[in-house]
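Everything in the sequence shown is counted per full-length UniProt numbering, starting at 1 for the first residue and increasing by one. The beta carbon of each residue, even a glycine, is placed where N, CA and C say it ideally should be. This report concerns only the one structure given below.
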Amino acid sequence: MEVCGGHTHAIFKFGLDQLLPENIEFIHGPGCPVCVLPMGRIDACIEIASRPGVIFCTFGDAMRVPGKNGSLLQAKARGADVRIVYSPMDALRLAQQNPQREVVFFGLGFETTMPATALTLRQARKRNVDNFYFFCQHHHPAADPAQPAGPAGERNRRLSRPGPRQYGDRHRGLRLYRQRLSPSFSGRRFRTA
């Protein structure tokens, strides 16, 4: 099973699905938070970003994700103040530097990004920054890989993880997966192109 849409793209782009024996089946997993983001959420982002007096902050990988009304990059081209940040703290600094404007941070990513978002929220409260808002769309794949994954109790025996999930060795579900079920656990050097 591949978790990331980038993995799925690379598998088919490079014909990996054709190189493997017939008894190997690719199962498309839950997808990265950006890959599986519903169009309506992007449309909500565009609506928020297009409001006068708003600075909308997001990670760069969300800029080109299409909604029904375009992408954040297109909203920026139409005049919305959309800015790429590298951490939620960058957005908090923008809020402190622009007290007359509302700064909205679009928090998305796997659960690995949640602590940074939570710490930034704590800092905003501690510093009494009242013009800073969050629009959170964090994603936690809830499936327990230790559970049977198919008919007749078949188990999924391979998992390709995206780069941001490399902390997974500490995550109980993925640790169990690695120890009990999967002799192959890729991701550390898997690269999508």
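**Request:** Would you check if there are 3 or more beta carbon pairs closer than 8 Å linking the region 101–112 to the region 48–68?
**Result:** The region 101–112 and the region 48–68 touch, with no fewer than 3 CB-CB distances between them shorter than 8 Å.
**Item:** Whole-number beta carbon distance between alanine 49 and alanine 75, since they are thought to touch under 8 Å
**Value:** Translated into the one-based positions of the sequence shown, residue 75 becomes position 75. Translated into the one-based positions of the sequence shown, residue 49 becomes position 49. Yes, they are in contact, since the Cβ atoms of alanine 75 and alanine 49 sit about 5 Å apart, within 8 Å.
**Message:** Checking the sheet assignment: what are the DSSP bridge partners for glycine 60?
**Reply:** Stepping through the sequence shown from its first residue, residue 60 is reached at position 60. Beta-bridge partners assigned by DSSP to glycine 60: none are found.
**Asked** Who pairs with isoleucine 55 in a beta bridge, going by DSSP?
**Response** Locating residue 55 in the sequence shown gives position 55, where the first residue counts as 1. Val103, per the DSSP bridge assignment.
**Prompt:** Excluding five sequence neighbours on each side, which residues of the same chain lie with their C-beta closer than 8 Å to the C-beta of leucine 94?
**Reply:** By one-based count along the sequence shown, residue 94 stands at place 94. Cβ contact annotation for leucine 94 (same chain, cutoff 8 Å, sequence separation greater than five): Ile55, Cys57, Arg83, Val85 and Val103, in chain order.
**Item:** Sufficient close CB pairs (3 or more, under 8 Å) joining the region 35–46 to the region 126–142
**Value:** Result yes; three or more Cβ-Cβ pairs closer than 8 Å.
**Prompt:** When you compare each of Ala118, Gln96 and Glu47 to arginine 127 by their alpha carbons, which one comes out closest?
**Reply:** Translated into the one-based positions of the sequence shown, residue 127 becomes position 127. Ranked by how close their Cα comes to the Cα of arginine 127, the residues Ala118, Gln96 and Glu47 have Gln96 in first place.
**Item:** From Ala116, Gly53 and Asn23, residue whose alpha carbon lies closest to that of alanine 80
**Value:** Your numbering for residue 80 matches position 80 in the sequence shown. The shortest C-alpha separation from alanine 80 is found at Gly53.
**Request:** Return yes when the Cβ of isoleucine 46 is within less than 8 Å of the Cβ of leucine 20, no when it is not.
**Result:** Walking along the sequence shown from the start, residue 20 turns up at place 20. Walking along the sequence shown from the start, residue 46 turns up at place 46. It is not a contact, given that the beta carbons lie outside the stated cut-off.
**Message:** Among Cys32, Thr112 and Pro115, whose alpha-carbon lies nearest the alpha-carbon of threonine 8?
**Reply:** On the sequence shown, position 8 is the one that residue 8 refers to. It is Cys32 whose Cα lies nearest to the Cα of threonine 8.
**Element boundaries [beta strand (DSSP E), containing cysteine 136]** = By 1-based counting over the sequence shown, the position of residue 136 is 136. Where cysteine 136 is concerned, the enclosing beta strand (DSSP E) stretches over 132–139.
**Reduced DSSP secondary structure (H/G/I, E/B, other) of isoleucine 84** = Start at 1 with the first residue of the sequence shown, and residue 84 comes out as number 84. Three-state DSSP puts isoleucine 84 in a strand.
**Asked** Which one or two residues does DSSP pair with phenylalanine 14 in a beta bridge?
**Response** Residue mapping note: residue 14 aligns to position 14 of the sequence shown, counting from 1. DSSP output for phenylalanine 14 lists no bridge partner at all.
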